[in-house]
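A short write-up of the structure that comes next.
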Amino acid sequence: MAEVAIPTAQGTMPGYLARPAGGGPAPGVLVVFEAFGLTAEMQGHADRLAEAGYLALVPDLYFWGPKVRCVMATLVARTRRSGRAFDDIEAARSWLAASDECSGSVGIVGFCMGGGLALACAPKGGYAAAAPNYGEVPSNAERALEGICPVVASFGSRDRYLRGHPDRLRRALEALGVPHDVKEYEGATHGFMNPHPGLLPKVTGTFLPLRYDQAKADDAWARIITFFDTHVRAAG
């Protein structure tokens with residue numbers, strides 16, 4: 004596991020790279036973090052992917068300025084589906100795919116804000132599969148997702164912010180004929196795959212409950228790895 008330097012149009016972006024055991028090029032996975040940034044939890048997700056045999060990279064999309072400013076700019080980019088965040092994600096994808104340690108086949112995983120970004124990046128090309136976890140689905144999903152790669156997505160039934168989004172995504176992917184696995188976990192909240200530390204779950208309160216559910220998170224990860232083994236590993 005190491006910090007790496009990724010060239011972008013706006014300067015050098017740091018990132019966290021988790022390497023799998025064993026020799027030979029491995030399939031790559033780009034991990035797009037939630038709004039809180041490149042935390043230990045996000046590094047843990049990359050480590051988990053490395054344990055499954057993937058070369059996993061978490062780019063630090065907030066490297067270019069004060070965190071609050073970076074968060075706001077990234078959220079705006081997600082809504083507009085264009086902007087600096089997309090440029091930096093593409094720079095990270097290109098760097099990963101070109102690495103001697105990568106087979107050239109790359110998937111993308113995202114959480115919350117990063118889930119929405121992953122879903123928006125996936126139709127732009129260069130990805131063998133995408134795993135948006137409780138990410139926002141655009142209202143014009145069928146049109147916005149045209150050309151998208153296979154998708155494995157996870158949501159929580161108690162996620163008030165994303166009510167109706169799992170069905171919207173499922174319908175769009177079915178209409179587009181895209182291989183997919185979209186699951187809504189009964190009783191799970193927003194952020195159920197991330198063990199958020201400290202007071203954060205209390206601060207978000209009843210407006211946006213955040214509660215880690217290890218059993219459901221483990222199931223979601225098992226689905227992601229199985230799906231990526233079929234669509235990302237096989238493509239390399």
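Numbering-wise (my numbering), the sequence shown opens with residue 4 and increments by one. Idealized CB from N, CA, C, for every residue including glycine.
Grab me the residues of residue 264's own chain with a C-beta within less than 6 Å of its C-beta, minus the 5 sequence neighbours each way, in chain order.
Outside the modelled stretch of the chain, which goes from 4 to 239, sits residue 264, for which no answer is possible.
Beta-carbon contacts of residue 101 that lie in its chain and below 7 Å, excluding the five residues immediately before and after:
Residue 101 sits at position 98 when you count from the first residue of the sequence shown. Excluding positions up to five away in sequence, the list is empty.
Member of 121, 188, 129 whose CA lies at the smallest distance from the CA of residue 97:
As a position in the sequence shown, residue 97 is number 94, starting the count at 1. Of the candidates 121, 188, 129, the one whose C-alpha sits nearest the C-alpha of residue 97 is 129.
Whose C-beta lies closer than 6 Å to the C-beta of residue 188 among residues of the same chain, with five residues either side of it excluded?
Counting from one through the sequence shown, the residue named residue 188 turns up at place 185. Non-local beta-carbon contacts of residue 188 in its own chain, meaning distances under 6 Å to residues more than five positions away in sequence, involve 159, 219 in chain order.
Return yes when the Cβ of residue 150 is within less than 8 Å of the Cβ of residue 126, no when it is not.
Position 123 of the sequence shown holds residue 126. Position 147 of the sequence shown holds residue 150. For residue 126 and residue 150, yes; Cβs fall inside 8 Å.
Where residue 73 falls: helix, strand or coil (DSSP):
Residue 73 sits at position 70 when you count from the first residue of the sequence shown. If DSSP states are grouped into helix, strand and coil, residue 73 belongs with the helices.
Residues of its chain near residue 123, where Cβ-Cβ distance is below 8 Å and the 5 sequence neighbours each way are ignored
Numbered from 1 along the sequence shown, position 120 holds the residue referred to as residue 123. Result list for residue 123: 81, 84, 89, 141, 147, in chain order.
Determine whether the beta carbon atoms of residue 24 and residue 58 lie at a separation below 8 Å.
Here residue 24 refers to the residue found at position 21 when the sequence shown is read from its first residue. Here residue 58 refers to the residue found at position 55 when the sequence shown is read from its first residue. Their beta carbons are not under 8 Å apart, which means residue 24 does not touch residue 58 by this criterion.
So the candidates are 108, 38, 6; which of them puts its Cα closest to the Cα of residue 75?
Here residue 75 refers to the residue found at position 72 of the sequence shown. It is 38.
Output the residue ranges of the beta strand (DSSP E) runs that lie fully inside the segment 157–203 and measure 3 residues or longer, sorted by chain position.
183–188
Roughly how far, in whole angstroms, is the beta-carbon of residue 145 from the beta-carbon of residue 175, given that I think they are within contact range, below 8 Å?
Stepping through the sequence shown from its first residue, residue 145 is reached at position 142. Stepping through the sequence shown from its first residue, residue 175 is reached at position 172. Between residue 145 and residue 175 the beta-carbon gap is near 4 Å, inside 8 Å, which marks them as a contact.
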